[in-house]
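Worksheet for the structure shown next.
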Amino acid sequence: MTIRTNSQKMAQAAYQRILQRCPSREFVSFARMFPSFIHSCGLAQTIAFARSKGEHQEQYLEDIAAVLNAAGCIDGISPESLDNAARDYPVPAYIRLSRNTFQAAGWLKRYAEVKEPPKESE
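So the sequence shown is numbered by this note's numbering: it starts at 19 and just counts up by one.
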């Protein structure tokens, strides 16, 4: 029996999500910024910002939710319930959720950068 860490589970799930998606330049750009947004603005404000924007931000939140589900951090989470959890959780649970989301975002960022489409010739 093999025991995997949460980080390994997140890495595997993030890799699968990015493999299934051909990330656009906008998606990759947002994936690069998301962890720093969590760090500087907090999880609740970052999720609210992402939900207020366009299509690739919503796709990114779906990927974050899938990675958190795969790692067993939160069962059955969706972008909407992640938003609600970030606003409604008590402080200790919010901090744990923020850390887990930050870690998941780091894995998505790494794999999205690898799959980034080539730059267009000028």
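Don't be surprised by glycine CBs; every beta carbon is placed ideally from N, CA and C.
**Request:** Could you work out which residue in 129, 63, 134 is closest to residue 112 when comparing CA atoms only?
**Result:** Ranking 129, 63, 134 by Cα distance to residue 112 puts 63 first.
**Prompt:** residue 55 to residue 33, Cα distance in whole Å?
**Reply:** The alpha-carbon atoms of residue 55 and residue 33 are separated by roughly 22 Å.
**Message:** Taking the alpha-carbon of residue 71 as reference, which of 48, 53, 92, 85 has the nearest alpha-carbon?
**Reply:** 48
**Request:** May I have the straight-line CA-CA distance separating residue 118 from residue 91, to the nearest angstrom?
**Result:** 7 Å
**Prompt:** So what does DSSP say about residue 23, is it helix, strand or coil?
**Reply:** Coil.
**Request:** Below 6 Å CB to CB, which residues in the same chain sit around residue 27 once its five sequence neighbours on both sides are set aside?
**Result:** Hits under 6 Å: 88, 89.
**Asked** Expressed to the nearest angstrom, what Euclidean distance is found between the alpha-carbon atoms of residue 74 and residue 109?
**Response** 29 Å
**Request:** Would you grab the beta carbon distance between residue 31 and residue 83 for me? Rounded to a whole angstrom, and I think it's under 8 Å.
**Result:** No, residue 31 and residue 83 are not in contact; Cβ-Cβ is about 10 Å, not under 8 Å.
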